[in-house]
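K.L.:
Right, I'll just put the structure down here and ask away after.
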Amino acid sequence: MVFNSSIRYVDDSLAIDNIKLDTIARAVGTPAYIYSLKRVGENYAGLRAAFAPLQARIHYSVKANSSLAILQTLAGAGAGFDCVSAGEIDRCLRAGACANDIVFAGVGKTRAEIAFAVAKGIGWFNVENLAELRYINECAVDAGADAVKVALRLNPQVTANTHPFMATGHGAAKFGLTAAVIRDILARRNEWPQLEFAGVHIHIGSQLGDTAATLSALDAALNLIADQPGIRTVNLGGGLPVAYHFDDAAPSPEGLVNELAPRLKGYEVLLEPGRSLVADAGLLVAELLYVKRQAGQVFYIIDASMAELIRPALYDAHHEVAPLRKTKGETVTAQVVGPVCESADVLARDRQLPALGAGDLVALMTAGAYGMSMASNYNARPRPAEVVVSEAGEGWRISRRRETVGDLYRMESK
Ligand code: LLP
């Protein structure tokens, strides 16, 4: 479901918790990302409960949405964090995260980033490169840190059933290390005396619709560490799916947990969910600028574009479009497009929508994950404002102001 206990129609007005969205949109302007912190907290609590049989430690994958307000909410609820850059680590620390609760992952960590993370006392490094081990070890020596915890990321050679751009576990992907390389590293572990090889990591992709691929990746990882008594932690990565269609139900994680539990007895389990914690807690509000009828089609031209929400252009991803004011009556088949000069700037194709006019407001639903975090300034478009509705659901504030055209010059010299 795209609607939930926080984001739904109240008296025909789209609302987040106790706030009607047109109130916010009128005050803040459009386009604007709006998030329910209450929903973020509930998603976290729900996932923790679902994974309670595994006593899984949840590290929120910051790339999905790195808004400080969201990081603060999750840090306050006790989450750890999965970061892929010094920038993300810095944001988590600023949001109040404990360094030890941060995992630093990524195929291309720079030496400067590794040095920063070691100096900060980051809890885990997910390593996917032999040379990285030497860098981490050297940084640990420099920082006087011993026992930096490492999880080696296995490329399990499993193809997830998802969009090819979101599959990371197949043999041809740049991600992870082969089982042979991991065995070699573990046999030579004395070469990196500051490192504690304590975990194995898998992440085979995102928006994983079925559990079979996850389980075979896990089996490959467990098989690899079966004779490694020092490796007691299994990081299962992220990838839990969410529903992007009105009539979809996201599969509940309980089925997966039932399959995982017997396999993971005796292991400490880490999870790195991104999307499943924030996607359905946010939306992007836009204003309809023009209705253009051309070539037998109806184009709803809105003031949001692929610069603000790139997922439809990049992955052919589906986001439902919901008018802020629900109206009855006839519908039209509309192409919802943005102002950007690209044919790919189509946010929603062939949608049955009410007959709307210039000035009407619509929401692109389920946009809390990989929306603002992937937004760009393409076409010299200032990035949108972000608004959070408080955890109590009663108040709202601008958590990131809208960029101005002036902001875009700040880093540039003539
Ligand atoms: N862990 C690792 C190592 C990852 O690479 C990712 C996502 C996650 C965890 C979190 O995955 P999640 O739970 O969010 O599925 N931009 C795409 C998704 C790419 C995800 C990249 N890695 C999108 O808009 O759908």
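Each residue of the sequence shown is one higher than the one before, starting from 37 at the first, in this note's numbering. All residues carry an ideal CB built from backbone N, CA and C; glycine is no exception. Since the structure is predicted, the reported quantities are computational estimates derived from the model, not experimental observations.
1. How about the stretch 144-160 and the stretch 168-176: do they share at least three Cβ pairs that are nearer than 8 Å?
2. What's the call for Asp53, buried or exposed, on a 16-neighbour Cβ count within 10 Å?
3. Work out the CA separation of Leu325 and Leu319 for me, nearest whole Å.
4. Mind checking who Lys56 pairs with in its DSSP beta bridge?
5. Out of Gly159, Gly245 and Pro192, which one is the CA nearest neighbour of Lys474?
6. Give every residue of the same chain whose Cβ lies closer than 7 Å to the Cβ of Ser102, excluding the five residues on either side of it in the sequence, and list them in chain order.
7. Does Lys450 come out as helix, strand or coil in the three-state DSSP assignment?
8. Does the beta carbon of Lys210 fall short of 7 Å from some heavy atom of the ligand LLP?
9. Determine the closest residue to Gly245 out of Phe201, Gly266, Ala196 and Ala223, with distance taken between C-alpha atoms.
10. In chain order, what residues of the same chain have a beta carbon less than 7 Å from the beta carbon of Asp137, not counting five sequence neighbours either side?
11. May I ask you to verify whether the stretch 284-299 touches the stretch 76-95, counting CB pairs closer than 8 Å and requiring at least 3?
12. Report the CB separation of Ile106 from Trp432 in whole angstroms; it is logged as a contact under 8 Å.
13. Is Thr146 a contact residue of the ligand LLP, with contact defined as CB to any heavy atom under 7 Å?
14. What's the gap between the Cα of Asp15 and the Cα of Arg147?
15. Just reading off the alpha helix (DSSP H) that Gly291 is part of, what are its end residues?
16. To which residues of the same chain is Arg311 closer than 6 Å at the C-beta, ignoring the five residues directly before and after it?
17. Going by the CB atoms, is the gap between Glu227 and Lys185 shorter than 8 Å?
18. Got a sec? Which residues, its chain only, sit under 6 Å from Ala40 by beta carbon, not counting five neighbours each side?
19. Within a Cβ cutoff of 6 Å, which residues of the same chain sit near Asp339, ignoring the five residues on either side of it in sequence?
20. Quick one: does the C-beta of Glu78 sit closer than 7 Å to a heavy atom of the ligand LLP?
21. Compute the distance between the beta-carbons of His354 and Ala403, then report whether it is under 8 Å.
22. What I want to know is whether the C-beta of Asp118 ends up closer than 7 Å to one or more non-hydrogen atoms of the ligand LLP.
23. Count the other C-beta atoms from every protein chain shown that fall within 10 angstroms of the C-beta of Gln330, then say buried if there are 16 or more, exposed otherwise.
24. The beta strand (DSSP E) with Thr146 in it runs from where to where?
25. Give the straight-line distance between the Cα atoms of Leu444 and Val424, rounded to the nearest whole angstrom.
26. Which ranges would you report for the alpha helix (DSSP H) in the stretch 210-288 if only whole runs of at least 4 residues count?
27. Is Thr100 near the ligand LLP, with its Cβ less than 7 Å from a heavy atom?
28. Got a sec? Which residues, its chain only, sit under 8 Å from Ala203 by beta carbon, not counting five neighbours each side?
29. Using beta-carbon positions only, say whether Ser97 and Gly274 come within less than 8 Å of one another.
30. Based on DSSP bridge pairs, tell me the residues matched to Cys119.
31. Bridge partners of Pro390, per DSSP?
32. Can you tell me which of the three DSSP states Val194 falls into?
33. Return helix, strand or coil for Lys99, following the three-state DSSP convention.
34. For His281, count neighbouring Cβ atoms within 10 angstroms of its own Cβ and tell me buried if that reaches 16, exposed if not.
35. Could you tell me whether the Cβ atoms of Leu360 and Leu383 are closer together than 8 Å?
36. How about Leu251 and Val236: do their beta carbons lie closer than 8 Å?
P.N.:
Considering the structure as presented:
1. yes
2. buried
3. 19 Å
4. Ala51
5. Residue 474 lies beyond the stretch modelled for the chain, which goes from 37 to 450, so this question has no answer here.
6. Glu124, Arg127 and Ser409
7. coil
8. no
9. Ala196
10. Gly116, Phe117 and Gly159
11. yes
12. At roughly 14 Å, the Cβ-Cβ gap does not stay under 8 Å, so Ile106 and Trp432 are not in contact.
13. no
14. Absent from the structure is residue 15, since the part of the chain shown begins at 37 and ends at 450.
15. Glu290 to Arg299
16. Ala100, Val278 and Ala405
17. no
18. A small correction: the amino acid at residue 40 is Asn; Ala does not occupy that position in the sequence shown. Counting only Cβ-Cβ distances below 6 Å, and skipping sequence neighbours, we find Asp316.
19. Thr66, Pro67, Ala322, Glu323 and Leu325
20. no
21. no
22. yes
23. exposed
24. Run containing Thr146: none; DSSP gives neither H nor E here.
25. 24 Å
26. 215-223 and 248-261
27. At residue 100 the sequence reads Ala, which differs from the Thr that was named. True, at least one ligand heavy atom lies under 7 Å from that Cβ.
28. Thr195, Ala196, Ala209, Ile240 and Gly241
29. yes
30. Phe140
31. Thr367
32. coil
33. helix
34. exposed
35. no
36. no
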